[in-house]
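Asks: Right, I'll just put the structure down here and ask away after.
Residue numbers (this note's numbering): 1202 to 1353.
Below is the structure:
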């Protein structure tokens, strides 16, 4: 399927990145080849005016743990002239996801398997958040949505 990437429109679209989360946020721009490019970290509860361009794609991650964050309640932000702000918030993590995050923050990966927990949880702990996996999934979801549109 098609790779998720920014479109080179050269049409400026000023946008304010607002970090409403308690996390340090890493803004990631998907370049014209679909490569993630890191931008300076946004401190918790801070904002920054960005000169983006129409059709540019952005994702936002926890700078420390790589957990995915929401932007305007979505996983991905598409810059557009009529959208002036990108509000970054924590998703509602499931209790299990939150527990995995906390254990990862307290236990070094080499020690995961010393924990007295069920085997399947070792694998889930070792399955760290990964932007490439998310991009693959988002790309599949988008291709799926486009296919369904054509079918309708």
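By construction, the Cβ of each residue, glycine as well, lies at the ideal position given by its N, Cα and C atoms. None of these values were measured; they are calculated from a predicted model.
(1) Pairs of beta-carbons, one from the region 1279–1288 and one from the region 1217–1226, closer than 8 Å: are there three or more?
(2) Would the beta-carbon of residue 1204 fall within 7 Å of that of residue 1248?
(3) Tell me, please, whether the region 1326–1337 touches the region 1265–1283 by the rule of three or more beta-carbon pairs shorter than 8 Å.
(4) Could you spell out where the alpha helix (DSSP H) holding residue 1340 opens and where it closes?
(5) Going by C-alpha distance, which of 1290, 1210, 1209 is nearest residue 1228?
(6) Expressed to the nearest angstrom, what Euclidean distance is found between the alpha-carbon atoms of residue 1208 and residue 1338?
(7) Comparing C-alpha positions only, which one of 1271, 1274, 1225 sits nearest to residue 1245?
(8) Enumerate in chain order the residues of its own chain whose CB-to-CB distance from residue 1271 is below 6 Å, with the five nearest sequence positions on each side excluded.
(9) Give the secondary structure of residue 1323 by DSSP, where H, G and I count as helix, E and B as strand, and everything else as coil.
(10) Give a yes or no on whether the C-beta atoms belonging to residue 1231 and residue 1206 are separated by under 7 Å.
(11) Rounding to the nearest angstrom, what Cα-Cα distance links residue 1250 and residue 1215 in this structure?
Replies: Checking against the coordinates, here is how it stands:
(1) yes
(2) no
(3) yes
(4) 1332–1352
(5) 1290
(6) 20 Å
(7) 1225
(8) 1290, 1292
(9) helix
(10) yes
(11) 7 Å
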